[in-house]
Amino acid sequence: MCEGVEIKVISGDPKNVKAYFSDPGSALPVVLEDGTDLGWVAWGRRSDQSGRSPEGGWIDERELKHNCSDVPRYQPAIGLVDRYMAYDIDRAPHWFYVGPGRSLKCVVVTEDFEQRVYLVTTRPPAEYFWIRDRWPTFAHQPGNPDEQR
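The opening position of the sequence shown corresponds to residue 5 in the working numbering, with each subsequent residue numbered one higher.
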């Protein structure tokens, strides 16, 4: 499962920014599938945060098809990240590059006037079952990703 991400921020003073789900203030740069830039969106909902959006920072792609009727709106989106991190069973971090022109498939949940982004997960490839039982899914970035960060 993806528990941290690294984003290459192009605007202003170029730098790499890391965001971890464990940080309640974490956010990801997000665009909708049509390329609409949503800017930085709060990553998921923690158990101590109020709201009806799902608890956690991830949604299994199978759950998307069956369990999304209790929230106002889900929008397919793309998280513009360069790397993602997963902890293995011993809590050792492992970083993985997403790859050129690709990023993480996400869903933006809108509740009243608040938006939260969730990473869409699936079963991991066989070579990564030793890390976790969930793995991020990937999407192609619309347009030029360097213009969107």
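Cβ atoms here follow ideal geometry from the backbone N, Cα and C, with glycine treated the same way.
Local Cβ density within 10 Å of residue i, reported as buried at 16 or more and exposed below that
i: Phe-25; result: buried
i: Pro-129; result: exposed
i: Ala-23; result: buried
i: Tyr-88; result: buried
i: Asp-116; result: exposed
i: Trp-62; result: buried
i: Gly-8; result: buried
i: Lys-109; result: buried
i: Arg-138; result: buried
Local conformation of residue i per DSSP, three classes
i: Glu-37; result: coil
i: Arg-66; result: helix
i: Ala-96; result: coil
i: Phe-142; result: strand
i: Thr-59; result: According to the sequence provided, residue 59 is Glu. The question's Thr does not apply to it. Coil, per DSSP.
i: Pro-149; result: Any reading at Pro-149 needs caution, since the residue's pLDDT is 48, under 50, leaving its predicted position unreliable; the model's value is listed next. It is helical.
i: Glu-7; result: coil
Integer-rounded CB distance, given that residue j should sit under 8 Å from residue i
i: Pro-80; j: Val-111; result: 6 Å
i: Ser-107; j: Ile-82; result: 5 Å
i: Leu-84; j: Val-34; result: 7 Å
Beta-bridge partners of residue i, as assigned by DSSP
i: Gln-119; result: Thr-114
i: Ser-107; result: Ala-143
i: Leu-32; result: Val-45
i: Gln-79; result: Val-112
Any chain D beta carbon closer than 8 Å to residue i
i: Gly-29; result: The structure shown has no chain D; it contains just one protein chain.
- Okay, do the region 109-123 and the region 38-48 touch, 3+ Cβ pairs below 8 Å being the bar? yes
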